[in-house]
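Note that UniProt numbering has the sequence shown beginning at 1, numbered continuously upward.
Here's the structure we're looking at; comments come further down.
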Amino acid sequence: WWLFVHAMSKAATAASIAAIPCGVDLQQVRMDVNRARINDPLLAQEVADFTNDCYARARAKLFMTQPNLSKDQLNDVNWIGSRFFLQTPGYYDDGFSGFRSHTPRTKWPYDTTRDAGLPQTTGGGGFPTCTQWWSDSSIGLRARLLEQVSPDLLSKLAQWAKFMTPNEVNDSVIRDLVSPRKQKLTQGQVYTDYGGQVGGSVANDVTRLTATVGQAFGSVAMYPAIDSVRQAAPMAMAFLKMALIICIPFVLVFGMFDLKVVMTITFAEFALIFVDFWFQLARWVDSTILDALYGNGIGSDVPHSNFDPVFGASNAQGDLLLDFVIGAMFI
Numbered sequence: 001w002w003l004f005v006h007a008m009s010k011a012a013t014a015a016s017i018a019a020i021p022c023g024v025d026l027q028q029v030r031m032d033v034n035r036a037r038i039n040d041p042l043l044a045q046e047v048a049d050f051t052n053d054c055y056a057r058a059r060a061k062l063f064m065t066q067p068n069l070s071k072d073q074l075n076d077v078n079w080i081g082s083r084f085f086l087q088t089p090g091y092y093d094d095g096f097s098g099f100r101s102h103t104p105r106t107k108w109p110y111d112t113t114r115d116a117g118l119p120q121t122t123g124g125g126g127f128p129t130c131t132q133w134w135s136d137s138s139i140g141l142r143a144r145l146l147e148q149v150s151p152d153l154l155s156k157l158a159q160w161a162k163f164m165t166p167n168e169v170n171d172s173v174i175r176d177l178v179s180p181r182k183q184k185l186t187q188g189q190v191y192t193d194y195g196g197q198v199g200g201s202v203a204n205d206v207t208r209l210t211a212t213v214g215q216a217f218g219s220v221a222m223y224p225a226i227d228s229v230r231q232a233a234p235m236a237m238a239f240l241k242m243a244l245i246i247c248i249p250f251v252l253v254f255g256m257f258d259l260k261v262v263m264t265i266t267f268a269e270f271a272l273i274f275v276d277f278w279f280q281l282a283r284w285v286d287s288t289i290l291d292a293l294y295g296n297g298i299g300s301d302v303p304h305s306n307f308d309p310v311f312g313a314s315n316a317q318g319d320l321l322l323d324f325v326i327g328a329m330f331i
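Listed below in structure tokens is the structure:
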């Protein structure tokens with residue numbers, strides 16, 4: 001009987017775990033994106049030069065001309081690789097209006113037509129337009145920045161963000177990589193809560209800020225502890241199962257082999273073995289929490305539109321709270 005109970009419990013648990021859908025581990029992807037850095041100091045300096053020579057000038061022209069922009073375009077012009085600036089005539093493509101590198105770049109040979117009136121240096125470097133500087137294959141800033149990102153990370157992102165084209169996924173990663181406010185949230189709030197008053201107040205904001213600071217400091221000790229609990233959970237469960245199996249003969253004897261005792265132990269063993277499923281379910285929810293709660297896609301009614309799919313999954317306090325809640329699922 002006990003062999004049958006053990007086998008059926010294992011079978012039910014394995015079948016339940018197998019029924020959990022596969023998905024990209026978004027928590028791991030987030031950590032990988034957060035760790036991504038521009039490791040080449042010369043490339044980092046070149047990004048700063050591009051920002052000064054091209055992006056700042058393009059933003060200034062945008063404010064002076066004040067064109068009518070859609071919501072997507074308003075979001076797009078907030079980073080140096082903006083498609084609006086790249087594709088709209090008179091911006092990055094207009095080298096004669098100053099939208100070019102202001103220092104010679106050896107990767108682009110001097111061009112007498114493009115660089116007319118500019119000094120020809122001994123190194124032979126030219127002055128590429130902002131479009132060339134950013135977009136040229138293999139030597140452009142975009143291509144070299146993409147080389148700083150792990151291909152495995154890009155593959156995982158593309159697998160998850162099927163609602164985006166590969167170029168959009170790559171641009172999102174690069175946008176995060178070059179952002180001075182790395183992994184900070186946009187103003188769009190992804191998480192809803194019941195804190196504070198309706199409409200908010202200064203006191204609510206101060207309280208929320210204080211709570212966020214406290215959570216941030218608490219997370220320094222809490223997150224490693226939660227991770228240790230998650231790693232130790234299978235070991236603890238193994239000892240509990242062993243203890244239950246060892247105790248079965250003694251409990252049966254003390255219970256005088258009563259049917260109620262047998263059934264109680266049977267369900268206790270099943271419940272203990274089935275805990276493995278709850279751990280796997282908690283891990284799956286942790287990995288896919290954004291999709292599970294908020295859906296995916298791009299649109300005004302979808303939170304992903306508020307945070308540049310690459311991971312504005314970072315609403316400061318909401319993220320901290322979410323990690324605490326997810327960790328508690330394993331306890």
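Beta carbons: idealized from backbone N, C-alpha and C, even for Gly.
(1) How long is the line joining the alpha carbons of T186 and L157, rounded to whole angstroms?
(2) Starting from the Cα of C54, find the closest Cα among V5, G255, S101 and give me that residue.
(3) DSSP state of T106, grouped into three classes?
(4) So, with DSSP's three-state summary, where would you put I17?
(5) What separation, rounded to the nearest whole angstrom, lies between the Cα atoms of D111 and T122?
(6) Given this structure, state the Cα-to-Cα distance separating L240 from F254, to the nearest angstrom.
(7) Should P104 go down as buried or exposed, given a rule of 16 or more other Cβ atoms within 10 Å for buried?
(8) Taking the continuous alpha helix (DSSP H) assigned at T169, which residues delimit it?
(9) Can you list the alpha helix (DSSP H) stretches of 4 or more residues lying completely in the stretch 59 to 124, in chain order?
(10) Would you say D227 reaches chain C, if we count a Cβ-Cβ gap shorter than 8 Å as a contact?
(11) Should S9 and I273 be called a contact, given that it needs their Cβ atoms to be closer than 8 Å?
(12) Between Y92, L42, W278, D227, which lies nearest to residue 384 when the distance is taken from Cα to Cα?
(13) Going by C-alpha to C-alpha distance, which of A328, R83, F84 sits closest to D227?
(14) Under DSSP, the alpha helix (DSSP H) around R142 begins and ends at which residues?
(15) Does the distance between the C-beta of M164 and the nearest non-hydrogen atom of the ligand SAM fall short of 7 Å?
(16) Let me make sure I understand the geometry here. Which of E269, I38, S16, Q73 has the alpha-carbon closest to that of W2?
(17) Throw me the rounded Cβ distance for the L153 and V29 pair, which I believe falls under 8 Å.
(18) Are the stretch 71 to 85 and the stretch 39 to 46 touching by the rule of at least three beta carbon pairs closer than 8 Å?
(19) To the nearest angstrom, how far is the alpha carbon of A14 from that of D176?
(20) Which word fits F127, buried or exposed, when buried means at least 16 other C-beta atoms lie within 10 angstroms of its C-beta?
(21) In whole angstroms, what is the alpha-carbon distance linking W134 and R142?
So, from the listed chains and residues:
(1) Confidence is the limiting factor: at T186 the pLDDT is only 30, short of 50, which leaves the residue's position unreliable, though a coordinate-based value still follows. Approximately 20 Å between the Cα atoms of the pair.
(2) S101
(3) strand
(4) helix
(5) 14 Å
(6) 20 Å
(7) buried
(8) Reading the sequence as shown, one finds Val at residue 169 and not Thr. Where V169 is concerned, the enclosing alpha helix (DSSP H) stretches over 166 to 178.
(9) 71 to 76, 83 to 87
(10) No chain C is part of this structure, which consists of one protein chain only.
(11) yes
(12) Any question about residue 384 goes unanswered here, given that the chain covers just 1 to 331.
(13) A328
(14) 141 to 146
(15) Among the components modelled here there is no ligand, and therefore nothing to report on the ligand SAM.
(16) E269
(17) 7 Å
(18) no
(19) 39 Å
(20) buried
(21) 5 Å
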